[in-house]
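Participant: Here it is, the structure in full.
Protein chains: 2
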Amino acid sequence: MAQVRNKQVILSNYVTGFPKESDFNVVESTISLELPEGSNNVLIKNLYLSCDPYMRGAMTKPEGSERKGSPTYVPASPIAGYGVAKVIESGHSNYKKGDLVWGFTTWEEYSLVPAAQLVTKIENSDVPLSYYTGILGMPGMTAYAGFFELSSPKEGETVFVSAASGAVGQLVGQFAKLTGCYVVGSAGTKEKVDLLKNKFGYDEAFNYKEEPDLDAALKRYFPQGIDIYFENVGGKTLDAVLSNLKVHARIPVCGMISQYNLTEQEGVKNLSKLIYNRVRLQGFIVTDYYHLYPKYLEFLLPKIKEGKVVYVEDIAEGIENGPAALVGIFSGRNVGKQVVAVAHE
Amino acid sequence: MAQVRNKQVILSNYVTGFPKESDFNVVESTISLELPEGSNNVLIKNLYLSCDPYMRGAMTKPEGSERKGSPTYVPASPIAGYGVAKVIESGHSNYKKGDLVWGFTTWEEYSLVPAAQLVTKIENSDVPLSYYTGILGMPGMTAYAGFFELSSPKEGETVFVSAASGAVGQLVGQFAKLTGCYVVGSAGTKEKVDLLKNKFGYDEAFNYKEEPDLDAALKRYFPQGIDIYFENVGGKTLDAVLSNLKVHARIPVCGMISQYNLTEQEGVKNLSKLIYNRVRLQGFIVTDYYHLYPKYLEFLLPKIKEGKVVYVEDIAEGIENGPAALVGIFSGRNVGKQVVAVAHE
Chain A
1 MAQVRNKQVI
11 LSNYVTGFPK
21 ESDFNVVEST
31 ISLELPEGSN
41 NVLIKNLYLS
51 CDPYMRGAMT
61 KPEGSERKGS
71 PTYVPASPIA
81 GYGVAKVIES
91 GHSNYKKGDL
101 VWGFTTWEEY
111 SLVPAAQLVT
121 KIENSDVPLS
131 YYTGILGMPG
141 MTAYAGFFEL
151 SSPKEGETVF
161 VSAASGAVGQ
171 LVGQFAKLTG
181 CYVVGSAGTK
191 EKVDLLKNKF
201 GYDEAFNYKE
211 EPDLDAALKR
221 YFPQGIDIYF
231 ENVGGKTLDA
241 VLSNLKVHAR
251 IPVCGMISQY
261 NLTEQEGVKN
271 LSKLIYNRVR
281 LQGFIVTDYY
291 HLYPKYLEFL
301 LPKIKEGKVV
311 YVEDIAEGIE
321 NGPAALVGIF
331 SGRNVGKQVV
341 AVAHE
Chain B
1 MAQVRNKQVI
11 LSNYVTGFPK
21 ESDFNVVEST
31 ISLELPEGSN
41 NVLIKNLYLS
51 CDPYMRGAMT
61 KPEGSERKGS
71 PTYVPASPIA
81 GYGVAKVIES
91 GHSNYKKGDL
101 VWGFTTWEEY
111 SLVPAAQLVT
121 KIENSDVPLS
131 YYTGILGMPG
141 MTAYAGFFEL
151 SSPKEGETVF
161 VSAASGAVGQ
171 LVGQFAKLTG
181 CYVVGSAGTK
191 EKVDLLKNKF
201 GYDEAFNYKE
211 EPDLDAALKR
221 YFPQGIDIYF
231 ENVGGKTLDA
241 VLSNLKVHAR
251 IPVCGMISQY
261 NLTEQEGVKN
271 LSKLIYNRVR
281 LQGFIVTDYY
291 HLYPKYLEFL
301 LPKIKEGKVV
311 YVEDIAEGIE
321 NGPAALVGIF
331 SGRNVGKQVV
341 AVAHE
């Protein structure tokens, strides 16, 4: 069988603290582009790989039963994540050669994956294919499920979003505006704050790095308090939010990126504020909501085509640049959804 | 108009840290036992006063809009809380002379209260009247709403209750057993731990003061994790629970008594555990559930009469002993529901 080159991104060591480029290696392996006899797996060519905050958890050495439900990388093996791919050969009836798909794949040029790892075929190709790592993929469904399913937003409510220009945040803000909410976002650079106000339609936005007193900043933007806080960062931001909630506020907990690289987590002190305000703080995992994907496409595709919802991506070209792109999201280097383009078709 | 003596419990100063007996004074005032002309209020003789953890919040000097929804005491004025009383005269059609009632009253022998402060007339007097400060009053409804309405318990689930022998906790444990759950409680003395196991039917119980490692204690009692944590204490206990939850766990947040007397709240570090386990942490206030009170009585009264649900009270005799009784609940001096008997009929 003919073997072809298969570049891979390998975890060199378990990571502690902030991940560095040197925690990864790009190596050359080989792969056969024929399906093994009798296999019901799918052989795919990876086109776009998604850099997502949850991947930080997979880089940490697992301890006991601690990391239920989340993937774990193995040193000296390639890392994994969401991606867009083209089917080269398929042993499974759901997929055929030439199909475009998105789902869970490996960081390499070609992968042999179980069909169950693929979320779905891509039926609409009149939008950028890379969108299926973001607005039309896992982060998009995360924003949709977290905002509409967990928060039950109503017109006129007040919404705060942290990491607001990120893969998920930029959509939450736009969904909030479509619902008739007042929405404020926080981000870590002036460029991102400008995007929030001028591109995504946030009513207000601020650079949290320039706010010595987050509580005061929230009181400025939400004098009457917050109805919905879409939680992406945790730590000090959550603590400040807890002192600025309205009665019956909802906090869908999507992620806590500010905590992922700390060896000792920050303590959150204002949890007793949940009581009198009858607040619901709820963690969620997007995979529980994938049955809503067709409904999501029906809601969103027309809005993308009419320009009513926009999406900003930060695309790194070439799998060689994958480690830098992945590491960059933990220091906020990316502007918008971070993608790695392995190939364009 | 004839005036009678009316002993009152007065707040001497706003409280910081743990409340002390000297933060209160018992003084003699006078009151007329006739309703003012044209009043639609209700004149009541207070029989039993309830000592509840939420009262600590009312002793703190209010800051801005911080204490929405909770009462605030005023120095040099009598404090207030739940109680059982007998109607002396009524200007309101819902109540008449001789009725027994429970509701929100003032810490004094006689009170003139708006009818809206009273929750309801007492129709069943074949149980101890003091029960209407506890099992048949606000704490009982708190246990019922927090456990059944917010936690949606199922047979076979695992339940952990902190402050488990308290006014609310002793009922949550018994409700969990009636539902077919496995239930473990924590308390602060050997006497209370014995009560949990031998009187309230908890499957297991431990003294948290004798557990240097709460995480290890929970792993011992819940090797498969916790489905429902009934949160009464906050702080370190909550942090340990967060590392021992099952997927889709529910945490109704009833109170955080371990934090009420601290000038600096303890930080809770394990909140990111909410995410992968899809945990719902939800604050609630019992007054939102008072419409369920008739349903609660229907559920509970037969069980009390058949001895299937029991209740332990700690009754201090005389309003003069009110301050000591109230202060005592914050150091765990009481065993079971703390009540102050002002008069018995």
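Sequences listed follow chains A and B, in order.
Under the UniProt record's numbering, the first residue of the first sequence carries the number 1, and numbering increases by one thereafter.
Under the UniProt record's numbering, the first residue of the second sequence carries the number 1, and numbering increases by one thereafter.
Glycine is no exception: its CB is placed at the ideal position from the N, C-alpha and C atoms.
Small disclaimer: the values here were computed from a predicted structure and weren't measured.
1) In chain B, which residues lie less than 8 Å from Q117(A) when you measure between Cβ atoms?
2) Within its chain, find whatever has a CB closer than 6 Å to the CB of Y182(B); leave out the 5 residues flanking it on each side and keep chain order.
3) May I ask you to list the residues that DSSP assigns as paired with G81(B)?
4) Using the rule of at least 16 other Cβ atoms within 10 Å of the residue's Cβ for burial, across every protein chain shown, is A341(A) buried or exposed?
5) Taking 6 Å as the limit between beta carbons, can you name the residues of its chain near A325(A), skipping five residues before and five after?
6) Taking contact to mean 3 or more Cβ pairs, one atom from each stretch, closer than 8 Å, check whether the stretch 290-297 of chain B and the stretch 258-269 of chain B are in contact.
7) Taking C-beta to C-beta, are N207(A) and V168(A) nearer than 8 Å?
8) How about G140(A) and G156(A): are their beta carbons less than 8 Å apart?
9) Who are the neighbours of L274(B) on chain A, taking C-beta pairs under 8 Å?
10) Mind checking if Q8(B) is an interface residue toward chain A, Cβ cutoff 8 Å exclusive?
11) Within the same chain, show all residues whose beta-carbon is closer than 6 Å to that of P114(A), passing over the 5 residues directly before and after it, in chain order.
12) Counting only Cβ pairs nearer than 8 Å, list the residues of chain B close to G269(A).
13) Taking C-beta to C-beta, are S162(A) and V335(A) nearer than 8 Å?
14) Please identify, using Cβ separations under 8 Å, the residues of the stretch 76-109 of chain B that lie next to chain A, in order along the chain.
15) Check the Cβ-Cβ distances between N261(A) and every residue of chain B, and say whether any is below 8 Å.
16) Less than 8 Å between the C-beta atoms of V193(B) and A176(B), yes or no?
17) Is K68(A) close to chain B? Criterion is C-beta to C-beta, closer than 8 Å.
18) Measure how close the beta-carbons of V247(A) and N277(A) come, nearest whole angstrom, since I'm counting them as under 8 Å.
19) Rank V119(A), I304(A) and S186(A) by C-alpha distance to the C-alpha of N83(A) and give the top, closest one.
20) For D288(A), return the contacting residues in chain B, with the cut-off set at a CB-CB distance below 9 Å.
21) What are the boundary residues of the beta strand (DSSP E) that includes V161(B)?
22) What's the gap between the Cα of Y296(B) and the Cα of S258(B)?
23) Measuring only the C-alpha atoms, how far is S77(A) from K96(A)?
24) Can you pull the chain A neighbours of residue 360(B), defined as C-beta to C-beta under 9 Å?
25) Quick check on DSSP: helix, strand or coil for H344(B)?
26) Are the C-beta of M256(A) and some C-beta of chain B separated by less than 8 Å?
27) In the DSSP output, what is I228(A) paired with across the bridge?
28) Express the C-alpha separation of L35(A) and I329(A) in angstroms, rounding to a whole number.
29) According to DSSP, simplified to helix, strand and coil, what is L112(A)?
30) Excluding sequence positions up to five away, which residues of its chain have a Cβ less than 6 Å from the Cβ of V279(A)?
31) Taking Cβ to Cβ, would you say Q174(B) is nearer than 8 Å to W107(B)?
32) Return helix, strand or coil for K295(A), following the three-state DSSP convention.
33) Compute the beta-carbon to beta-carbon distance between I319(A) and V26(A), rounded to the nearest angstrom, for a pair I have assumed lies under 8 Å.
34) Taking Cβ positions, are residue 349(B) and T142(B) nearer each other than 8 Å?
Facilitator: So, to answer that:
1) None at all; the shortest Cβ gap to chain B is about 19 Å.
2) T158 and D203
3) T105(B)
4) buried
5) C51, A316, Q338 and V340
6) no
7) no
8) no
9) V253, L281, Q282 and G283
10) no
11) N41
12) Note that residue 269(A) is Lys in the sequence shown, not Gly. Per Cβ cutoff of 8 Å: E264, Q265, E266, G267 and V268.
13) no
14) none
15) no
16) no
17) Here K68(A) scores only 49 on pLDDT, less than 50, and its place in the model is too uncertain to base an answer on.
18) 5 Å
19) It should be noted that the sequence gives Gly, not Asn, for residue 83(A). Nearest C-alpha to G83(A): V119(A).
20) R278
21) T158 to V161
22) 29 Å
23) 28 Å
24) Outside the displayed range of chain B (1 to 345) lies residue 360(B), so it cannot be described from this structure.
25) coil
26) yes
27) V159(A) and R250(A)
28) 35 Å
29) strand
30) L245 and A249
31) no
32) helix
33) 7 Å
34) The first residue shown for chain B is 1 and the last is 345, placing residue 349(B) beyond what the model contains.
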